[in-house]
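Chemist: In the numbering used here, the protein residues as written are 1372 to 1615.
For glycine and all other residues, C-beta sits at the position ideal for the given N, C-alpha and C.
Given the structure is predicted, the values throughout are model-derived calculations rather than measurements.
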Amino acid sequence: MRYYLCIDDTDNKETKGTGWLAEQVCNEMTARGMGSFSYISRHQLYVHEDVPYTSHNSSMCVTVDDCSSPQAIIEHVQHFLETKAAPGSDPGLCLVAEDIAAEAREKLIRFGEDAKCTVLNKGLAYGLARELDVHLTEHGGTGDGVVGALAGVGLRMMGNDGRYRGWHHLGPEDTPMAASEIARLCAAHHVEDESGNRLDDDVPVLLRERIKRIRRGGHAVLLATAEIQGGPMQLLPKEALKAY
1372 MRYYLCIDDT DNKETKGTGW LAEQVCNEMT ARGMGSFSYI SRHQLYVHED VPYTSHNSSM
1432 CVTVDDCSSP QAIIEHVQHF LETKAAPGSD PGLCLVAEDI AAEAREKLIR FGEDAKCTVL
1492 NKGLAYGLAR ELDVHLTEHG GTGDGVVGAL AGVGLRMMGN DGRYRGWHHL GPEDTPMAAS
1552 EIARLCAAHH VEDESGNRLD DDVPVLLRER IKRIRRGGHA VLLATAEIQG GPMQLLPKEA
1612 LKAY
């Protein structure tokens, strides 16, 4: 059984971000044989003066495979958040089985999409969690992180949102490399242009010094573009990737 696990609002402006804590807790659970954890995806939520957040208002989500005890996962992450989350943070935790009914899946995805452009609150999040019978809990502060935790699961389920945590470094800026080789070295499914067209394996693509994958079509992919029509394909720079 596969599960979606998401946490949100665990940091403050002086501490390491939620992505760092997500990596730490997944490493702990992997070492204990509690499951197999995917790469972490970061999902940007609504930045608005009426939305309380610490730095960037983004949640972190992973999938969990080979999980014999979802309750053990929940309890481990709960304890981790209650002891490791930063002072003043408002941590939330969500765990949802992949085989949830199609209608419930659609509602989670819609909640995630709304959280990117609308001010939501934890009452709405808890109401949906109760309706769908999914795990959603708060672990400190105001508990407002439950909004992002539930939204992050929906966005990860959707498959077309977010950036994967971490950077890859394959060589100097503007070094040409075949699209398939870049994908292989970055553990990406493929390289595609911004319109979603997959590049042929042998198309040369110019590297960036720092390379990041995004989530599209349920896969980790790399984006490339031609700065001038007919020019060489180049991986998108960091600033352009912020749109994802």
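Considering only the alpha carbon of each residue, which of R1476, Q1415, R1413, C1432 lies closest to L1376?
Modeler: C1432
Chemist: According to DSSP, is G1601 part of a helix, a strand, or is it coil?
Modeler: coil
Chemist: For the alpha helix (DSSP H) containing R1481, list its first residue and its last residue.
Modeler: 1473-1486
Chemist: Would you please state the rounded distance, in angstroms, between the beta carbons of Q1374 and V1467? I believe it to be under 8 angstroms.
Modeler: This sequence places Tyr at residue 1374; Gln is not what is there. Indeed, because the Cβ distance is near 7 angstroms, the residues count as touching under 8 angstroms.
Chemist: Residue range of the beta strand (DSSP E) that S1412 falls in?
Modeler: 1412-1415
Chemist: Grouping DSSP H, G and I as helix and E and B as strand, with all else coil, what is V1467?
Modeler: strand
Chemist: Just tell me which of V1505, D1461, L1503 has its CA closest to the CA of N1492.
Modeler: Among V1505, D1461, L1503, the Cα nearest to that of N1492 is on D1461.
Chemist: Hey, would you say G1406 sits closer than 8 angstroms to V1448, going by beta carbons?
Modeler: no
Chemist: Quick check: R1527 and H1414, are their CB atoms within less than 8 angstroms of each other?
Modeler: Yes, Cβ-Cβ distance for R1527 and H1414 is below 8 angstroms.
Chemist: Look up Y1374 in the DSSP assignment and say whether it is helix, strand or coil.
Modeler: strand
Chemist: Just checking, does the segment 1587-1600 make contact with the segment 1546-1562 on the three C-beta pairs under 8 angstroms criterion?
Modeler: Verdict: yes, contact present.
Chemist: Rounded to whole angstroms, what is the Cα-Cα separation between P1458 and H1510?
Modeler: 12 angstroms
Chemist: Taking S1551 as part of the alpha helix (DSSP H), name the residues at either end of that continuous run.
Modeler: Run containing S1551: 1550-1556, per the alpha helix (DSSP H) assignment.
Chemist: Over what stretch of residues does the beta strand (DSSP E) that includes T1508 continue unbroken?
Modeler: Looking at the DSSP string, the run of the beta strand (DSSP E) that includes T1508 is 1506-1509.
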